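From first to last, the protein sequence lines are chains A, B and C. Per our numbering, the first sequence starts with residue 338, numbered consecutively. Per our numbering, the second sequence starts with residue 49, numbered consecutively. Per our numbering, the third sequence starts with residue 871, numbered consecutively. Reading through the structure tokens given below for one structure.
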Amino acid sequence: MTAALTVTGLTIEVVGRDAPLQLVRDVSFQLGAGERLGLVGESGSGKSLTALAVMRLLQAPVRISSGQITLSDGTDVAALEERELAAIRGRRAAMVYQDPLSALNPVRRVGDQIAEAIHAHEDVTAAVARRRVVELLREVGVPDPERRADQYPHEFSGGMRQRVVIAMALSAGPELLVADEPTTALDVTTQARILELLLRLAEQRGLAVILITHDLGVAARFCDRLQVMYAGRLVETGPLADLYRNPLHPYSEGLLASVCRLDADPAAPMPALAGQPPSAGQLPAGCSFRPRCAYAYERCERERPPLTEIAGGRAAACHLAPERSAGTVAPALAPTGGDR
Amino acid sequence: MSATVATGPALETAAAGRVGIVRRLSRRPAAVVSAVTIAVLLLLSLLATPIAGSPTAIDTREILASPSGAHWLGTDDLGRDVLARTLAGGRLTLLVAFGAMAVSMAVGTLWGFVAAAAGRAVGEGLMRAADACLAIPPILLALILVAAFGASSWTLALISGLLLAPQTARIARSALLTELRSDYRLAARAVGVSPLRTVFGELLPNASPALIAQASLTVAWAIGIEASLSFLGLGVQPPEASWGTLLQEGYAGLYRSVWLTVVPGVAIFVAILAFNTFGSQLQQALDPRQEER
Amino acid sequence: MNGLRGYVLRRLGAGVLLLALASLLTFALLRVVPGDPTITKLGGARNIDPAALAELRHELGLDRSVVAQYLSWVGGLLQGDLGQSYFSQYAVTTLIGQRVVPTLELAGLAFVVGLVLAVPAALVSATRPRSIAARLVNAATAALMAAPPFLVGIAFVVVLSVQAGLLPARGYVPFVEDPLENLRLVAMPALTLGLAVAAPLVVLLRASLGETLRAPFIRTATGKGLQRRRVVLGHALPNALIPSLTYLGVTVGYLLGGVVVVEYVFGWPGLGSLVVDAVLKRDYAVLQSVVLLAVAIFVFVTFVTDLLYGVLDPRLRVGEGQP
């Protein structure tokens, strides 16, 4: 099976007055064709930057300092010149954004904005593009697409706007979709519908999807596999069910424990991860998660645990991961143990 | 006594803030160059006669002479020393410009402070009035004022000052509003310092860097207005001479000597550029977001 | 429907109010100060025949109360009669009529020159801020912001007329009489005024473009595979131009102010030189009407700008269904 995307040693830095600051460090992963990968973590963990880097949409002073981003045909996106990227963006990999209102140009009709994406990659007449726009809008569930195509973004509701953004992303037939918090800006019922839509489209079109989210509930409904990021690094990856059942990294465990479960005792306090993630400039020595970790011991201070394959496509960056995998470490964070 | 206790630290931080501004300015080459230029211009104007001799002395053997050891910038059509005339003209131009600045700062600061300190309705009304004044092309307003009050150095300073007052009012208001939100004013009020003392003792000193920046820009604009109106014959009246009138005289005899046009023209340009640059550099140094870059 | 008409009427009302205030202000300013414009005409304050003075004052209506004078001016204004010049024997409308064409030609050309210079300059400066071209633009803009328009004009005359002998320094020929000579004569003043208009436009557009280029929808446009050029020209520029519209009025104000001095520099017989003459001679009848005309142009441009906003920015389109 050829991978839709292979990321190797991706490091992202911000160039300031002082020495460059690394925001994402040495991230490597692979995404199979048609696979749906969830990239989860708190804000500032580097998950959105990783997603933008795949599209080469980072804006100065943030930039990729090293690493390869290889598509299924072997193209290294990280090494391309700016003008060569236009042929990749939209056509091979497309993106869905967090806030659909600001993602659309407020003064142009949505139909024109989608048609523009078609014209960017195919030499078609305006009439053909227009027909495709209407089809796309219908496919993503915009009612009355002929009329709606001539309207402006502000005339759409939030959910409808996100459908437009999705239609635009699909317009040039990409094989890889990067969805950056696509439901975060929407209300709960709309979230569910957009997620269903993305799931249906991914299945029908055989899309490989990277879903960036901080919401493990969203990830659980959508993804095959999860990757957890913390302080700019991957700390755990594994198939969804395994990771949910038995998180190997204490941070994953903490994230899962902080998910509000319907079957939990409503009187019990909401468990939450204590403390704040470190900022990129002030990472602690050893394991970045150590200051917040309930299991930390002296080795964690000396030695940063590398991301190590444990078993069955699972990997974690924790000294205790093998033991945790074997079930010989008692969980320190019970769902009710929300000590702050 | 408790007042000094409460306001002491605030004043210290204010002073520290000003020291910080000076240091930040000194790191900006454009600010340093413009500050030095301004200092040189002021010095030259003050020492005009000792440096270049009398601006009205006539040397009949040298008419429209080229620059030489005796006349560094040559002479004009009556045999007067161009350097001496330019320095003397600069003295009047700068005097008018600083006069305009004083008027603008006095009227504008009062305007802005009252607008900031007064209730919502009055404040809004005063600012709307400032907006309305800014909507009329300034040169037209200046022409009406000249027509009404007549043309002379004094009225010129007054007119330019009034013309530039609304802009100062805006800056003063926003500077003061920023200060009003600060904690030390609450502290001062809590211990019963009178509002007037608060304004002059603390708010004014703290808002002063912003006002100095505005003053510098105002001088630049005023030099432009003086030069424009005098060039039109509507400003400084002969026999008084300013850069504007020198330029007018030079321009009338342009084909006899380009020199007499170029010298005051360059002087005006350099002076405006210096005051403009210093003012905007100071403004940028005051804005931490700009400072980041 | 109702919303749109109400909006237009409100804007129109505000414009008329501003115009009325401006007329009042101009008129009052010219009357509060002691001194009589007629004295200048009769050749100075000494040796004036009181009878001749009284007759002249009566002729010009200056013996009436200020309120009556104002009402008669405004009354005439509404009928298209601006009254009589205090000095020449012409009606003010005639004087303005003679001068309006050269000024319109100069100001119109300058406006076009300003736009043509400012838009590409701002684009370069905002999209490639570290390039040499951008640094040149920024330096030129700073210099032009500092130099009053007449200085730029004089510099042109010194270099192009006196030194190089390429273009005539001053004069005017109507376009219909000698198109080529007219263009040769208008070139320098139009460029001077155009540069004066361009500098603040560059500053404005540069800031607006810089902001727009960071907007998320620009990332979307890039992300769908548009070339950088298309992103900048198709998405960033139009969106950056819309807020700059607000300054169209200010720009026209710049033009109206600049035209006065620039016309004087180049001996251009337009409204600018008319107004300078009027100030010199204290010909209030001419002065107040030309100033009011300038304010009227300003108000009109502001009004059109407001309407244009509604057309160009669909979010502000009135009367359409809002979500």
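The beta-carbon is built from N, C-alpha and C at its ideal position, and this holds for glycine as well. The model shown is predicted, which means the values in this text are computed figures rather than measured ones.
Contacts that residue i makes with chain C (C-beta to C-beta distance below 8 Å)
i, result
"B:P214", "Going along chain C, no residue has its Cβ under 8 Å from B:P214, so there is no contact; the nearest lies around 14 Å."
"B:P185", "G1123, Y1124, L1126, G1127, A1164 and F1168"
Residue range of the alpha helix (DSSP H) that includes residue i
i, result
"A:E453", "V447 to H458"
"A:R354", "From DSSP, A:R354 is part of no alpha helix (DSSP H); its letter is neither H nor E."
"C:N1109", "L1107 to S1114"
"B:A190", "P186 to F197"
"B:V318", "W307 to L334"
"C:A1016", "I1002 to A1016"
"A:M497", "G495 to L507"
Beta-ladder partner(s) of residue i, from DSSP
i, result
"A:T550", "A:V377"
"A:G369", "A:A340"
"A:S403", "A:T348"
"A:T645", "A:A653"
"A:D410", "A:D410 is not bridged to any residue."
"A:M432", "A:V515"
"A:R562", "A:L374 and A:P576"
"B:R128", "B:I106"
Where residue i meets chain B, residues with beta-carbon distance less than 9 Å
i, result
"C:T1062", "Those do not exist, as C:T1062 stays about 13 Å from chain B at its closest Cβ, beyond 9 Å."
"C:L1157", "L191, I192 and A195"
Exposed unless 16 or more other CB atoms sit within 10 angstroms - verdict on residue i
i, result
"B:W202", "exposed"
"C:H1105", "buried"
"B:T104", "exposed"
"C:A938", "exposed"
"C:Y1124", "buried"
"C:G950", "exposed"
"B:I111", "exposed"
"C:V886", "exposed"
"C:D919", "exposed"
"A:E512", "buried"
"A:E372", "buried"
"C:T1090", "buried"
"B:G56", "Reliability of the predicted coordinates at B:G56 is poor, the pLDDT of 39 falling under 50, and no value is obtained from them."
"C:H928", "exposed"
"B:Y303", "exposed"
"A:Q396", "exposed"
Cross-chain neighbours of residue i in chain B, by beta carbon under 7 Å
i, result
"C:T896", "I192"
"C:L1021", "G313, I316 and F317"
Amino acids of chain A, ordered along the chain, whose beta-carbon sits closer than 8 Å to that of residue i
i, result
"C:R1185", "P443, V444, Y489 and H491"
Closer than 7 Å at the beta carbon, the chain A residues around residue i
i, result
"C:R1089", "L394"
"C:R1076", "Neighbours of C:R1076 on chain A: none; closest Cβ ~17 Å, over 7 Å."
Amino acids of chain C, ordered along the chain, whose beta-carbon sits closer than 7 Å to that of residue i
i, result
"B:T309", "I1024 and V1028"
"A:G427", "G1093, K1094 and G1095"
"A:D436", "P1086"
"A:A457", "K1094, G1095 and L1096"
Beta-carbon contacts of residue i that lie in its chain and below 8 Å, excluding the five residues immediately before and after
i, result
"A:L593", "L553, Y581 and P584"
"A:D676", "The pLDDT assigned to A:D676 is 41, lower than 50, so where the model puts this residue is not dependable; a value taken from the coordinates is nonetheless given after this. Contacts found: A611."
"C:L976", "V1056, P1059, A1060, L1063, V1129, V1132, E1133, W1138 and G1140"
"C:T1175", "L1115, T1116, L1118 and G1119"
"B:Y299", "F279 and T309"
Element boundaries [beta strand (DSSP E), containing residue i]
i, result
"A:V525", "It is not in any beta strand (DSSP E) - A:V525 instead sits in the alpha helix (DSSP H) that spans V525 to R542."
Own chain partners of residue i with C-beta closer than 7 Å, once the 5 adjacent residues on each side are dropped
i, result
"A:H656", "R636, C637 and P642"
"B:T325", "A78 and S82"
"B:R139", "S93 and A96"
"A:L532", "T520, V555, R558 and F559"
"B:V314", "none"
"B:S264", "F323, F326, G327 and L330"
"A:R420", "none"
Cβ-based neighbour list, residue i, same chain, cut-off 6 Å, excluding 5 preceding and 5 following
i, result
"A:R661", "L585"
"B:R221", "G160, A163 and A164"
"C:M1015", "A1069"
"B:E60", "Below a pLDDT of 50, predicted positions are generally treated as unreliable, and B:E60, at 43, falls in that range; no measurement from the model is reported."
Cross-chain neighbours of residue i in chain B, by beta carbon under 8 Å
i, result
"C:Y1134", "F279 and L280"
Contacts of residue i in chain A (Cβ-Cβ under 9 Å)
i, result
"C:N1008", "Here the premise fails: no neighbours, minimum Cβ distance about 18 Å."
"C:L1108", "The sequence shown places Pro at residue 1108 of chain C, not Leu. Within 9 Å Cβ-Cβ: N442, V444 and R445."
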